[in-house]
Each structure stands twice: as structure tokens, then as C-alpha cells.
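First up is the structure itself, then whatever we jot down about it.
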Amino acid sequence: MQHGSSQVRMPTGDPDERGWLKHDEPTGSTPEDLHPGHGAIDHPGGYDVAIVRLNAEADCWAWRVEWPGYRDCVDADVVVVGAGAAGLAAARQVSEAGKRAIVLEARSRIGGRVHTDRGFAGFPVERGAELLHGSSSLSRTLAETAGLTVLPAMSIWRGRVVDGGRVRRLLPWLLPATGRYVRIVRAVRSHGLDPDASLGDLLRGRRAGGRLGRLAVVLANDAGTDLDGLSVRYLARVMANGEETSRQARVAEGYDRLIEYIAEGCSIVRDAPVTAVRWMSDGVQVEADRCYSARRAIITVPLGVLKAGTVRFEPPLPPPKDRAVTELAMHPGMKVLLRFTSRPWPAGASYLLLDDDVPVIWPPHPDAPVLTAFVMGPRAAALRRPPGPVQRVVSALVRVWGERVRRDLVDAQVVDWGADPWTLGGYSSEPPGSGHQRAALAAPCGPLHFAGEATDDIAPGTVSAALRSGRRAAVEAIRSIDAAATR
């Protein structure tokens, strides 16, 4: 076995004898098979590559990466990193195919960015994901299958907008801007616009401010960014998949009940943050609370965690995957939950477009004096500045309803997903020029498969996207395992 001009020593004698190569030495011809596109294995801790003789009677050799504690690994067919919606959907699919899946979750709870709070208001309040998008979306279908109560939410017919300090009905307020909006929609759908232009460029080029500009701010906020961080390509996809992102509903019992339903039968290890994923052509070893060995791994950690390098991949992920992680965006995301003694906003309003600093608020329950402020992207980062998120949101409400808002406030909570070390952002967004990177992020890489809302090209940023991506990655892993078994 040769690599360049260096000779690799082969073991002799006892079948258990190993020939060891340190990480900084040439590793023979097989690493190209183990790690397509990579040369010698490089690990800062200097773990070894073992050439193991499998048969004492024949020249039968295999390569394997080992480190102290390797023999104590827990074995599975698939290790799933992350117990959010994507990871649990993947694990369930793998298990239903008759293979063993182990889910590793860094937190003490499951659900990821689905986190239901039952102590704040006396009914379930969502600290993270809240809505079922679309009447036939995967999240809604599963909620109905689980026997959960699905309630309509955020109807445009019951929407309100603050304009000139007054609260108005949303639809009549939008009518004067409808003609310009339709022309922009037609231009986007006919591909008459540069898909890599930003929504900000589009509006400035058409001098579309005023009411249409306000609506665009809300759209960008919903997409997890601002006008200059949102591509026309994304806008076109939203229009093409209107059913997936409209007709919104919520789970009356709490979104976490859907997560619990999906997790039924899954093998989940909590409080097990993954620090390293070592991958070869025929398997993976994952380092968490202990070692886990599997034929395939499904990586479902949020894009922000991938960007931060919290999980170390050995060898590093190939350049196309690294580019996708770099070019897609993950901005801060924040919810501010407010509870009052009485309700200042109009009865029956399902949501309200507030102002440019706090684009949208809504009551999570129609009859309770509770509000959720939803702020994404650079605006969420701005809310962190003094006097802080609660005072900034309350001040925006005071400008509409007066000082009674401050007087009637009895409790407040800030949910800052950008400060959560296991999320590091709200959800993914597509800066101009990055539209094709979701497919690159989703693509398998040897024994590694990738899932999560950031890998979905239909409705990223939604629970349905996470569920769909988890199922897709599970099918890829199952087929890959089965194909390897027939070779």
C-alpha cells in the first residue's frame, strides 16, 4: 500500500496486532475511499488510524478510526443528532423501517425550537414555533392524526394595523396598495426580476414605500431577516407555495403535544450535547455523553450551531457543504410575552401590524389579556439594546394605547433564541445569491445526512419543513444502509 513515496507498515503475526499511523503521517491509499475528496486524516487530538487484520488466514484488512474508549461505543444503525422536529421525524421513520436509531439531544427536553410554556398564562403559550402553516401541511396533518385540537389563527380578515396612531382593519387599509402589489407579484412569477436581487432593492427600484413597504417589512420579519437580507427568489417561492405558508392554525393543547406524539417509541438520550462527529465511508462515531457508533448519522442541529462550529466534524465537511453553511443566514429571533390585567387591543383581532421596530404582535388566546411580540433578524438584535426588549415593546404599545399599557402589565418574559447556545438564531433565511444553497446543505456527505428547516426548499422556517426534511434524510439513510448490505 503506497501513498506518494511513503510506505505504510502492515501488521504481521497475531490477528489482533495493529499497525498504527498518527494523524500527521501519510495514511495509505484507503483514506480516499474513507473520506472522498480528502487526503490524510487530520485531527488536532492526534487520534489514530488502525489497519486491522480481520482474518488470520487471508490477506483481509480494514481501516478504522479508533480512540480511547472506542470499544465502549453504543452501536446503532443511525445516530440522529438533535431531538427537534426534524430529528424526531427522522428517528421515527428509521425505527418504522426496522432499524435502530438513537437520538442525541443537548437539552434536558425534546422539541428544539418547539417549546410550550404552561406556567406563564394559565394556558399553553408557545415560546418558539407556534403555527401550523397551511390546511394540508405536514404539521397540521400529523396534529390531526394525533387527535389534537386544531384552531384557526391569524386570519387576515381579523387582522389589524396601526396607522397614524390609530388601529384600522387590515384589508381595507391594504386596498390602495393592491394594484402595485399585483404588478410586483406578476413580475416575480414571470421571472421578470433578478432572482438574486434583494426585496429592498426591488421596492426602492419601484418606489414602493408607504403601505406596501410596511407589508414588506412584515414579510421580511416573517422570513427571519430584513428587506435587504431577503432575496426575490425567496419571495417567488413563498408565492408559489402559498398554501404551505397561509391558512394558519395552532394546537390548542400546545405544540409540544405534537412533538411528544412524534417522539413515541424513539430512543432519546437527553443532556447529551454532541461535540464531535467522526465519519468514514462505512460509518460514523459520535462523541457526546459517551461514544456512539453507527452506520449512518443524521445531523439536524440548527444552522446557527453549524455556523458556530459547536459540532466538530472529522474530517471537516467538504467545501460545497461548508459554503452552504456560510452563505445561508441565521439571524437572532425573539419573542416577548406580555400579560396584562386587561386587554387594550380590539376584541377579535387575531394579529396586529404594529410598527417598523416591532412589526407584528398577536394574542395567543382570543379571550386572555396576553400578547406575543414576534421580532426577527436585525430588529431582534436591536431590541437587546437598552432599555431592553420588554421596555421597547411596551413603549411601542404605549404609543397606541397610552400609559394604561404600562400600568396594566403584570408579567413579561423574553425568549431570545439567538442567545440559546443550542440554536443560536431564530430560523434560517436566504440572503440574495444564496438560494441554491439549501439543496447543498441538504445533500448527503458520505455516511452523513442532513435535515432541519434550513435544508427545506419549500417552506423553510416552519415545523413542516423540519418534519419533511427529517423524513427525507431518514429515507436517504435507510436506502444507503440497504444498498451497502447488498454489495
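Here the sequence shown stands for residues 16 to 502, numbered as in the working numbering.
From the three backbone atoms N, C-alpha and C, an ideal C-beta is built for every residue, glycine too.
None of these values were measured; they are calculated from a predicted model.
- Going by DSSP, W360 is part of no alpha helix (DSSP H) at all; its letter is neither H nor E.
- The Cβ neighbour count for S357, taken over all protein chains shown within 10 Å, is under 16; the residue is labelled exposed.
- The secondary-structure analysis by DSSP pairs L352 across a beta bridge with T387 and Q428.
- Rounded to the nearest angstrom, the Cβ distance from A105 to G485 is 4 Å, consistent with a contact under 8 Å.
- Each residue's CA atom was taken as its position, placing G461 and I125 some 27 Å apart.
- Judged by beta-carbon spacing, L242 lies within the 8 Å limit of V232, meaning their Cβ atoms are closer than that value.
- Exposed is the label assigned to P187, since fewer than 16 other Cβ atoms lie within 10 Å of its Cβ.
- Taken in chain order, the complete beta strand (DSSP E) segments of 3 residues or longer contained in the stretch 462-490 are 463-465.
- Between V326 and V316, the beta carbon gap of about 6 Å places them in contact (Cβ cut-off 8 Å).
- For R173, the CB contacts under 7 Å within the same chain, skipping 5 residues up- and downstream, are G363, A364 and S365 in chain order.
- With fewer than 16 neighbouring CB atoms inside 10 Å of its own CB, V197 falls in the exposed class.
- Note that the C-beta distance between A91 and I117 is below 8 Å.
- Assigned with DSSP and collapsed to three states, V247 falls in helix.
- In the DSSP assignment, R265 falls within the beta strand (DSSP E) that extends over A264 to V266.
- By the neighbour-count criterion, in which 16 or more other beta carbons inside 10 Å mark a residue as buried, E329 falls on the buried side.
- Taking all protein chains shown into account, D286 has fewer than 16 neighbouring C-beta atoms within 10 Å of its C-beta and is therefore exposed.
- L234 carries a helical assignment under DSSP once its states are collapsed to helix, strand and coil.
- Counting only runs of at least 3 residues, the stretch 284-331 fully encloses the following beta strand (DSSP E) elements, listed from N- to C-terminal order: 291-295, 298-302, 306-314 and 327-329.
- A direct Cα-to-Cα measurement between E111 and V93 gives close to 13 Å.
- Within its own chain, the residues whose Cβ lies closer than 6 Å to the Cβ of S308, once the five positions on either side in sequence are excluded, are C88, D90 and Q300, listed in chain order.
- For the pair F389 and V409, the CB atoms are not nearer than the 8 Å cut-off.
- Taking a C-beta distance under 8 Å as the contact criterion, Q263 and L147 qualify as a contact pair.
- Shortest Cα-Cα distance from V413 to any of D337, P359 and L367 involves P359.
- The alpha-carbon separation between R502 and T387 amounts to approximately 55 Å.
- Around the beta carbon of G149, 16 or more other beta carbons lie within 10 angstroms, which makes this residue buried.
- Closest in C-alpha terms to L163, from the list R155, M169 and S170, comes R155.
- Within 10 angstroms of the beta-carbon of R310 lie 16 or more other beta-carbons, which makes it buried.
- The C-alpha of A312 is placed about 14 Å away from the C-alpha of S282.
- Here the stretch 427-445 makes no contact with the stretch 177-195; the two share fewer than three CB pairs at distances below 8 Å.
- Put simply, of R183, R487, P361 and P210 the residue whose alpha carbon is nearest the alpha carbon of D382 is P361.
- Around S123, the same chain offers R285 and D286 as residues with beta carbons nearer than 7 Å, after the five sequence neighbours per side are excluded.
- Boundaries around L368 are those of the beta strand (DSSP E), Y366 to L368, since no alpha helix (DSSP H) includes it.
- Cα atoms of A168 and P210: separation of roughly 31 Å, rounded to the nearest angstrom.
- Membership of R155 in the alpha helix (DSSP H) is indicated by the continuous run L153 to T160.
- For R338, the uninterrupted alpha helix (DSSP H) segment begins and ends at P334 to E342.
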